[in-house]
Amino acid sequence: MPKVGYSEKERVQIREALIAVGLDLMTKQGIQHTTVEQIYKKVGISRTFFYSFFPNKEELIVEALYLQQPQLIEYARKLMNDPAISWRDKVKTFLHSLCYGEKYGIAVLTMDEQRLIFKRLSRDSYKVFRDKQLSLLHAILNSFEIEADTEQLKLVLNLTLLIVITCRALPENLPLLVSEASDGTAEFQMEALVDYLEKLKCKPIL
1 MPKVGYSEKE RVQIREALIA VGLDLMTKQG IQHTTVEQIY KKVGISRTFF
51 YSFFPNKEEL IVEALYLQQP QLIEYARKLM NDPAISWRDK VKTFLHSLCY
101 GEKYGIAVLT MDEQRLIFKR LSRDSYKVFR DKQLSLLHAI LNSFEIEADT
151 EQLKLVLNLT LLIVITCRAL PENLPLLVSE ASDGTAEFQM EALVDYLEKL
201 KCKPIL
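Just so we're aligned, residue 1 is where the sequence shown starts under UniProt numbering, counting upward by one.
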């Protein structure tokens with residue numbers, strides 16, 4: 001029989017387990033194919049108990065993305081510490097990993113998932129998400145020895161997301177674009193972004 005009462009410490013541990021299991025499943029099979037049922041069964045709790053922690057799957061996804069952030073920073077640092085790869089290739093490898101997330105154990109939102117999630121986030125939750133997103137990007141750029149001010153950060157964030165979205169949206173969500181050229185399009189966009197980042201690297205903020 002399931003346990004009736006849980007201490008506050010146990011509830012914290014269960015919540016952390018749900019987020020960790022959710023992230024693990026999302027990185028292996030994609031966010032879209034990860035279900036609430038898979039998560040709560042793997043943790044060993046009931047559906048009803050799951051919803052006492054998260055009102056919906058989208059809230060858990062956001063928490064899982066927060067949990068993933070330190071891993072992305074560590075991945076950037078690991079690439080930067082590899083002497084066998086040029087600086088440009090280090091940055092391009094990181095961008096490529098974001099485009100093809102599941103192949104590299106990275107959970108990345110599709111266009112549909114972004115719409116669904118941000119429709120359900122409160123204004124305060126959205127602000128927290130955006131602030132964490134910019135802080136993450138700042139840490140990643142620092143890992144690649146790039147300094148950027150707030151406006152540059154926002155520009156780099158948009159350019160990075162455009163690359164990822166375009167790469168992952170073809171052909172279903174962007175039918176007017178030629179899907180056969182998706183890899184070449186992503187490659188061109190990455191090269192252009194790396195060119196810009198290289199300029200920032202060579203021109204530190206005063």
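Idealized CB from N, CA, C, for every residue including glycine. Quantities reported herein were computed from a predicted structural model and do not represent experimental measurements.
Selection Lys199, Val194, Cys202 and Lys201 evaluated against Arg88 yields Val194 as nearest (Cα-Cα). Within 10 angstroms of the beta-carbon of Glu63 lie 16 or more other beta-carbons, which makes it buried. No Cβ-Cβ contact shorter than 8 Å links Thr160 with Thr185.
A straight line joining the alpha-carbon of Glu102 with that of Ser182 spans about 17 Å. In the three-state reduction of the DSSP assignment, Ser52 falls in the coil class.
For the pair Ile106 and Thr27, the CB atoms are nearer than the 8 Å cut-off. DSSP, read as helix, strand or coil, puts Ile106 in coil. Within the same chain, Ala148 come within 6 Å of Leu141 by CB-CB distance, once the 5 residues on both sides are set aside. Take the alpha-carbon of Asp112 and the one of Ala17: they are about 26 Å apart. Nearest to Gln71 by alpha-carbon distance, out of Phe94, Ser46 and Ala84, is Phe94. In the three-state reduction of the DSSP assignment, Thr35 falls in the coil class, being assigned neither a helical nor a strand state. Here Glu172 carries a coil assignment [DSSP, helix/strand/coil]. Here the alpha carbon of Arg15 sits roughly 19 Å from the alpha carbon of Val128. Across the structure, Lys203 and Ala84 are spaced so that their CA atoms are roughly 24 Å apart.
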